[in-house]
Amino acid sequence: MMEGISLRRMQVNQTGTVVSVRARGELGRRIRDMGLVPGKDIRIQGRAPLKDPVSLRIMGGTLTLRNNEADYIFVEVH
Amino acid sequence: MAITIALAGNPNSGKTTLFNALTGARQHVGNYPGVTVEKKQGTCTAENQIFDIVDLPGTYSLSAYSMEEVVARDFIVNEKPAMIVNIVDGSNLERNLYLTLQFMEMGANVCIALNMMDVAGKRGVTIDVEKLSLLLGLPVVPMVARTGKGRAQLLKTVADHVVSRPAPLKISYGRDIDDTLDEMEERIRSDQFLTDPYPSRWVALKYLENDAQILEAGKAHLAGTHEWLSAKALKLSHHLETTLDTHPEGMIADQRYGFITSILKQGVISHTLDPNRLAWSDKIDKILTHRFLGPLIMIGVLMGLYQFTFAYSEVPVGWCENFFTWLGDRTDTLFADGLFKSLVISGIIDGVGGVLGFVPLILFMFLGISFLEDSGYLARMAFMLDRVFRMFGLHGASVMAFIVSGGIAGGCAVPGVMATRTLKSPKERLATLLTVPFMNCGAKLPVYALLVAAFFTDYRAQVMLIITLISWVGALLVAKLLRSTVIKGPATPFVMELPPYRLPTFKGLAIHTWERTWQYIRKAGTVILGISIVLWAMMTFPQLDTRTVSNENTVGMHTPGAETMDPGAAALRHSIAGRMGMAMESVTRYAGFDWQTNIALLGGFAAKEVVVSTLGTAYSLGEVDPEDSMSLAQRLKTAEGWGPVTAFSLILFTIFYSPCFVAVVCIARESGSWKWGMFSMAFNTLLALSLSIVFYQTATWMMS
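Right, here's the structure in full:
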């Protein structure tokens, strides 16, 4: 199984494919509800002025999440 | 008989626009029973049928984690609407269908209103509507809710399909889960476990998803079956963890998306452009959320919102005030002097005037905020400020409420408290609405002006700056304190959508603004009028008769200042409020406040600027105009016990003590419980008193 790197470590404009979401409970549910599930392609769109949260493109929409939430998402960078 | 139709969909999918297009002005707003989630209802006639349309809260999913989602699914299960019109954003089809699947799994009769076909077209997305309808097995109507295109077709489709009763959708979640689901479903059926009102497979699915609401209901229904199901779910969970390094909840979500992808891949959707390419909305974001430009523009927008709310509402507020002054004057000439006249003028007219005086403010505030919200900018503000506000247990979107309340001195906590509605995270929202009253609203300014003019004449600007800083720092620290004690709990996940920028429609803004303003007038208005009469009575009763006055003036000399007391001040001292003020002096003297100040602060509970006028009465100057308090400033300068230390102690107290009762009523309404209204009165006052005492004692000790 591919490990990938955590989403927090991705650079702006980098693209990748989600390989796993390690969060459970409410956070895990929220992340998945917004479409961040294995197999989906993402592109890091930008970061807030204080470097946190991060915004990313997925399935034609834009999502934001905090860095400590991005830690649970692993991505294989293209 | 009206047929009940539920309108459901993701936030930002155009649901409200569609609701407005369907019902026009025939709608009303209320709350779902027991919660603060807004419930909008309206009627619509088409195809010779009357439809009662209920707007369910906008959600991405149907989990038990948020109040909105629980409300939406409870409505579907308990009220059994004949049909769910599921509005789906055609330009973001994949994610929107995730909610659709969950409705279908519940066995609901769903019709898809495929919205934003124009946006989808511009993005190079072509959708084969017929194929989508065929593969999902439900009617799909393409439309553009903003222009009303497709409305007639939608209504016709709804009318044609209201009688359908589809079987709950069965998705394959992979061998392991499917086998367990089958077993669980069998047991659920034979035990009739929660099958009224839930579909059996759905109950099984919720046990695998560890759904708090269903687990609780199950435990109460049949404990034995509940244990059995929980054990099954746990066993599967262990199995998945050891073999696949995953868990049922994650796997179920993944498979739902897999199901959607498999449908869309059968030629339903085709892209002529890269779906993740930069749309014009993303180009705007490059500037509006830029590292340096972003915050600068945001400050500009906040100042603009502030200007818009308070500068432009000044004229209608003036009309309101003039009207009530005129009404008061008319009443004054109409009735003879006495209690009745005093009740009508000071109790009722001032009370109603007080309620309606806020209306222009609330109207403008909601117009401004609705614009920012509907345009998509509010989400960007939350994005940029989240890092700062999160440190204090708040949310990036809390900033609006703070600014409107007087984060820029001169706001008002009443629209500020109401502005917290844009916050979707319950704990962060509660902490915000309990701390916004610490900001310096317009009514506190005359109090500061009086004290600064009397004791800090040469340091006006500096003191005002210090006051602003103290209130911000205080509010944020108290928010942190509340979030680590009474509103404890981890931060609500921030995972949030940045919707594409859109130009709000005028109709949408107008409806939104009006219904909220009307709600304030109707709900808060009555309570506020009642409290205003109670306060009037406290300041008036028991009354002095002339004999007592002469007695007090000749014999009762125990209180300082009594020898110079005029009848107005004596009457005030004799009233309930006066007695309370006197009784409290034993405590408040440690903060440097005499009984006159106490009465003034009690009066400030009606509205903060009343502190000035009441202080005038208590110091025997008669009514003092809060806008022009020079005579009072002179009087205080020479009064015994007054000095810069007392003045600053009073400033501190004014920043932090109980919000005025209009704000308290709003806090109670917005938090959904009087408990929080009472909490803000008691907690804030105790906090203010402690701060003032610590300051006063330290300062006097250091100066001695």
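Chains A and X supply the protein sequences, listed in that same order.
Per the working numbering, residue 41 is the first one in the first sequence, and the count goes up by one each step.
Per the working numbering, residue 218 is the first one in the second sequence, and the count goes up by one each step.
C-beta atoms are modelled at their ideal positions from N, C-alpha and C, and glycine is treated no differently.
Predicted model only: the values in this text are computed from it and were never measured.
{"Query": "Chain B contact residues for Glu66/A, given Cβ-Cβ distances below 7 Å", "Result": "Absent here is chain B; the protein component of the structure consists of chains A and X."}
{"Query": "Complete runs of the alpha helix (DSSP H) confined to the region 305-363 of chain X [at least 4 residues]", "Result": "310-322, 334-339, 346-353"}
{"Query": "Cβ pair Leu331/X, Pro359/X closer than 8 Å", "Result": "yes"}
{"Query": "Per-residue DSSP class, three states only, for Thr442/X", "Result": "helix"}
{"Query": "Where Ser381/X falls: helix, strand or coil (DSSP)", "Result": "coil"}
{"Query": "Sub-8 Å separation of Ile388/X and Gln472/X beta-carbons", "Result": "yes"}
{"Query": "Own chain residues within Cβ distance below 7 Å of Thr834/X, not counting five before or after", "Result": "Gly785, Ala786, Leu789, Glu840"}
{"Query": "Straight-line Cα distance separating Ile329/X from Leu355/X", "Result": "7 Å"}
{"Query": "Closer than 8 Å to chain X by CB, Thr102/A", "Result": "yes"}
{"Query": "Neighbour flag for Tyr594/X against chain A, beta carbons, 8 Å", "Result": "no"}
{"Query": "Listed by chain order, chain X residues near Val61/A by CB distance under 7 Å", "Result": "Gly467"}
{"Query": "Length of the line joining the Cα atoms of Asn427/X and Leu446/X", "Result": "11 Å"}
{"Query": "Chain A contact residues for Thr506/X, given Cβ-Cβ distances below 8 Å", "Result": "Gly86, Ala88, Pro89, Ser95"}
{"Query": "Contacts of Leu105/A in chain X (Cβ-Cβ under 9 Å)", "Result": "Pro710, Phe711, Val712, Met713"}
{"Query": "Whole-angstrom distance between Met74/A and Val420/X, CA atom to CA atom", "Result": "23 Å"}
{"Query": "Residues sharing a beta bridge with Glu116/A, DSSP", "Result": "Thr57/A"}
{"Query": "Where Thr233/X falls, given that 16 or more other Cβ within 10 Å makes a residue buried", "Result": "buried"}
{"Query": "DSSP bridge partner residues for Val271/X (one or two, in chain order)", "Result": "Ala223/X, Gln258/X"}
{"Query": "Sub-8 Å separation of Gly86/A and Asp502/X beta-carbons", "Result": "yes"}
{"Query": "Beta bridge counterpart(s) of Val302/X as assigned by DSSP", "Result": "Leu224/X, Cys328/X"}
{"Query": "Three-state secondary structure assigned by DSSP to Thr412/X", "Result": "coil"}
{"Query": "Beta-carbon proximity check, Ile405/X vs Ser417/X, cutoff 8 Å", "Result": "yes"}
{"Query": "8 Å Cβ cutoff, Asp73/A in contact with chain X", "Result": "yes"}
{"Query": "Simplified DSSP state of Val518/X, which is helix, strand or coil", "Result": "helix"}
{"Query": "The region 89-96 of chain A / the region 239-256 of chain X touching (three or more Cβ pairs under 8 Å)", "Result": "no"}
{"Query": "Cβ neighbour criterion (16 or more within 10 Å) applied to Thr915/X", "Result": "exposed"}
{"Query": "Sequence-distant residues of its chain with Cβ nearer than 7 Å to Lys436/X (five each side left out)", "Result": "His443"}
{"Query": "Interface flag, Val77/A vs chain X, CB-CB below 8 Å", "Result": "yes"}
{"Query": "Euclidean distance between Cα positions of Ser830/X and Ala660/X", "Result": "12 Å"}
{"Query": "Outcome for Arg677/X when other beta-carbon atoms lying within 10 angstroms are tallied against a minimum of 16", "Result": "exposed"}
{"Query": "Residue range of the alpha helix (DSSP H) that includes Arg69/A", "Result": "65-73"}
{"Query": "Beta-carbon proximity of Met617/X to Met515/X, cut-off 8 Å", "Result": "no"}
{"Query": "Member of Glu311/X, Ala817/X, Gly391/X, Val361/X whose CA lies at the smallest distance from the CA of Leu239/X", "Result": "Val361/X"}
{"Query": "Runs of alpha helix (DSSP H) wholly within the region 820-876 of chain X (minimum 4 residues, chain order)", "Result": "827-835, 847-855, 861-873"}
{"Query": "Buried versus exposed call for Ser767/X [16 or more other C-beta atoms within 10 Å across all chains shown]", "Result": "Bear in mind that a pLDDT of 44 at Ser767/X, under 50, signals an unreliable position, so the number given afterwards is only what the model happens to contain. Result: exposed."}
{"Query": "Terminal residues of the alpha helix (DSSP H) in which Ile793/X lies", "Result": "793-805"}
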